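Residue numbering for the sequence shown is 0 to 308, as defined by numbering that gives the first Met the number 0.
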Amino acid sequence: MAPEANARETRHRPAEGLGLLYDATLCVGCKACVAACKEANENPPEFSTEDHLWDTPLDTSGYTFNLIKMYRNGTMETKDAEVNGYSFMKTSCMHCADPSCVSACPVSAMSKDPVTGVVGYDPEACVGCRYCVVACPFGIPKYQYDSPTGKIGKCELCRHRYKDGHYSACAEVCPTGATLYGKTADLLVEAKRRIALAPGSVTTYPRGKLGGPDQSYEAPVGNYLQHVYGETEYGGTQVLKLSAVNFAKVGMPDLKPEAAAARSETIQHTLYGGLIMPFAVLGAMTYVAKRNVHHEDDAPEQAPGKEGS
Numbered sequence: 000m001a002p003e004a005n006a007r008e009t010r011h012r013p014a015e016g017l018g019l020l021y022d023a024t025l026c027v028g029c030k031a032c033v034a035a036c037k038e039a040n041e042n043p044p045e046f047s048t049e050d051h052l053w054d055t056p057l058d059t060s061g062y063t064f065n066l067i068k069m070y071r072n073g074t075m076e077t078k079d080a081e082v083n084g085y086s087f088m089k090t091s092c093m094h095c096a097d098p099s100c101v102s103a104c105p106v107s108a109m110s111k112d113p114v115t116g117v118v119g120y121d122p123e124a125c126v127g128c129r130y131c132v133v134a135c136p137f138g139i140p141k142y143q144y145d146s147p148t149g150k151i152g153k154c155e156l157c158r159h160r161y162k163d164g165h166y167s168a169c170a171e172v173c174p175t176g177a178t179l180y181g182k183t184a185d186l187l188v189e190a191k192r193r194i195a196l197a198p199g200s201v202t203t204y205p206r207g208k209l210g211g212p213d214q215s216y217e218a219p220v221g222n223y224l225q226h227v228y229g230e231t232e233y234g235g236t237q238v239l240k241l242s243a244v245n246f247a248k249v250g251m252p253d254l255k256p257e258a259a260a261a262r263s264e265t266i267q268h269t270l271y272g273g274l275i276m277p278f279a280v281l282g283a284m285t286y287v288a289k290r291n292v293h294h295e296d297d298a299p300e301q302a303p304g305k306e307g308s
């Protein structure tokens, strides 16, 4: 008899986990981060206009791992205002503390580094099932439909650049520090420092890498929502976000503190561990097959005088 499928505890962020802090009030929508991401990952441009002059993706895809989207309302007179204003929001992998993509992957092509917490992807292990695509609550892993080997594309926090002394390209090139790289624990402290400041006051904003070379500058404080997105959502994420506009309006899903992986993984492992699901499916297929097979001996007798010609 298979054990009862009880939800496990939601996993937490690694103590030394790496991530990003995106501050929408500092973002100017220049999309330097989008171009840098494309270059760092050697991804081709994607076009949404007829002239094909510029890389103009409308959403993340198997070849666009990072995108800046825009919120618009009314006259768009004031930046970071919900009414008659506009704002920006970064869309990329959130590197969840308890990622559903890792939990759903049957071949461990998706994995979470136990030290950095980076959710990485191994194309050599991938079988193209796309379970990760369906499982992610942020809609991040995307399938490269033109790939003959069936490949997934997503942000991996530029982990391939660490050996050369670099870090996430989006944070490296951001001119205003709207995207900041560092340890998530330190980024959370920085995020809470900002939202505690009085709107309109002047503070120092770091740029590039938190704890790296000083590239800071002074600027007025925005009218922040008193919420750090990613601190608790879905069990916590290693990418944190600040905004002056409601997170739902700028495209971020409203998620509970518990990660779905805590329950779904247990159910999945219980079913497959006890071979309940494979046997159930095989039994159902056998039953259907038998119902649709008619042997010659089962053929109905013909009425007298109705011989076939």
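Note that CB positions come from ideal geometry on N, CA and C, so glycine has one too. Source: prediction; values computed, not measured.
Which residue's Cα is closest to the Cα of residue i: the options?
i, options, result
"M69", "K182, G149, A23 and P198", "A23"
"M322", "N65, I67 and S86", "The requested residue 322 is not part of the displayed model; the chain covers only 0 to 308."
"C169", "N245, G210, S99 and I67", "I67"
"E38", "H159, A260 and V238", "H159"
"T311", "E230, T236 and T175", "This structure does not reach residue 311, given that the chain is present from 0 up to 308, and the question cannot be answered."
"E257", "S146, Y142 and G229", "G229"
"G61", "C36, Y144 and A195", "Y144"
"G221", "T9, E8, C26 and R206", "C26"
"V117", "E123, E217 and H11", "H11"
"V249", "D50, P212 and D79", "D79"
"C125", "D112, P113, K141 and T148", "T148"
"N316", "E49, D54 and D50", "Lying before the first or after the last residue shown, residue 316 is absent from the chain, which here runs from 0 to 308."
"S167", "G211, S146, E189 and L196", "G211"
"C29", "G84, I194, P44 and M88", "M88"
"A243", "T77, L57, T48 and K255", "T77"
From the DSSP output, in three-state form, read off residue i for me.
i, result
"C131", "helix"
"G141", "For clarity, residue 141 is Lys in the given sequence; the question names Gly instead. Three-state result, K141: strand."
"D320", "Residue 320 is absent from the structure shown; the chain starts at 0 and stops at 308."
"V27", "coil"
"L19", "strand"
"A108", "coil"
"E189", "helix"
"C173", "coil"
"G307", "Because G307 sits at a pLDDT of 47, beneath the cut-off of 50, its placement in the model cannot be relied upon, and the point is left open."
"K89", "strand"
"T183", "helix"
"A261", "helix"
"K68", "strand"
"V238", "strand"
"Y233", "helix"
"A102", "Correcting the residue identity first, residue 102 is Ser in this sequence and not Ala. S102: helix per DSSP, three-state reduction."
"K248", "coil"
"C95", "strand"
"K255", "coil"
"E217", "strand"
"Y228", "strand"
"V82", "coil"
"K153", "coil"
"Y62", "coil"
"E8", "coil"
Which whole-angstrom value is the C-beta distance of residue i and residue j, which I expect to be below 8 Å?
i, j, result
"G199", "P219", "6 Å"
"L187", "L224", "In fact, because the Cβ distance is near 15 Å, the residues do not count as touching under 8 Å."
"S107", "G119", "Not confirmed; about 11 Å, so no contact."
"T59", "K141", "6 Å"
"P113", "P13", "6 Å"
Hey, residue i and residue j: beta-carbon distance below 8 Å or not?
i, j, result
"E241", "V227", "In the sequence as displayed, the identity of residue 241 is Leu instead of Glu. Yes. Within cutoff."
"F46", "G152", "no"
"S215", "T231", "no"
"C32", "C131", "no"
"K162", "P122", "no"
"A261", "E8", "yes"
"G176", "R129", "no"
"A34", "E171", "no"
"D253", "A259", "no"
"E189", "V201", "no"
So, is the C-beta of residue i closer than 8 Å to a C-beta in chain B?
i, result
"Q225", "No chain B appears in this structure, which consists of one protein chain only."
Shorter than 7 Å, the distance from the beta carbon of residue i to the closest heavy atom of the ligand FMN, or not?
i, result
"H51", "With respect to the ligand FMN, the structure shown offers nothing to examine, as it has no ligands at all."
Query raised in the report: Are there three or more Cβ pairs, one per stretch, closer than 8 Å when the segment 174 to 193 is compared with the segment 12 to 30?
Result: yes
Requested in this report: Determine contact between the segment 135 to 152 and the segment 89 to 104, defined as no fewer than three beta-carbon pairs at a distance below 8 Å.
Outcome: yes
Query raised in the report: Counting Cβ pairs closer than 8 Å, one from the segment 144 to 163 and one from the segment 79 to 94, do we hit at least three?
Result: yes
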